[in-house]
Amino acid sequence: MEDIGVTLENMEDAAMELVVGVDEDEKIIREKFRKQLLHSLEDINVISYLVAAIRLEEDYEHYRIREVNVDDDPAYLYMDEIMGMAIANQIAGTKAIFNFKLYDEKKPGILSVLGPSVDDIIGGLIAGCMSKIFEP
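Going by the working numbering, the sequence shown wraps up at 144, each residue one higher than the last.
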């Protein structure tokens with residue numbers, strides 16, 4: 009993912025931007041997030057979602073999909089949100105879908121500079137991992 013500008017560090021930073029009302033030490037939360045992220049990246053379904061979104065983004069950038077111009081992230085294109093919700097759900101279940109919505113709306117850190125498919129898939133990955141580490 010580093011070839012598209014996404015690193016463990018900038019995902020961790022984006023994840024932490026939306027943490028509120030938690031008494032746990034930030035360093036501990038960051039460690040838990042990193043551990044969960046690496047664990048999630050062992051799931052072939054998570055990997056498949058990521059690869060699909062990255063490839064789709066490349067196809068959009070090179071106008072390989074006819075009659076689709078995503079330069080302004082059009083409202084009629086919503087499959088990116090569906091993929092973001094799906095990866096979040098894969099990692100932590102239904103609760104992660106609600107967390108994804110927050111990351112999708114706020115677009116903290118690295119999410120604010122990624123393309124229309126990749127921002128949502130990375131947002132879903134972050135939301136899923138954050139939801140998972142705060143499970144009771």
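For every residue, glycine included, the Cβ atom is placed at its ideal position computed from N, Cα and C.
Scanning its chain for C-beta atoms nearer than 6 Å, with the 5 sequence neighbours on each side dropped, one finds around isoleucine 73 the residues Asp67, in chain order. For leucine 133, the enclosing alpha helix (DSSP H) begins and ends at 126-141. Residue Cys137 holds the alpha-carbon nearest to the alpha-carbon of alanine 100 among Ile90, Cys137, Ala23, Val59.
The three-state reading of DSSP puts aspartate 31 in coil, since its state is none of H, G, I, E or B. Per the Cβ contact rule, the segment 31-40 is not in contact with the segment 102-118 (fewer than 3 Cβ pairs under 8 Å). Cβ atoms of aspartate 128 and glutamate 89 come within 8 Å of each other, at about 6 Å.
Methionine 19 counts as buried, since at least 16 other C-beta atoms from the protein chains shown sit within 10 angstroms of its C-beta. In the assembly as shown, serine 139 is a buried residue. Its beta-carbon has 16 or more other beta-carbons within 10 Å. Rounded to whole angstroms, the gap between the alpha carbons of isoleucine 95 and tyrosine 57 is 7 Å.
A Cβ-Cβ contact shorter than 7 Å links valine 126 with alanine 61. Between phenylalanine 41 and isoleucine 141, the beta carbon gap of about 6 Å places them in contact (Cβ cut-off 8 Å).
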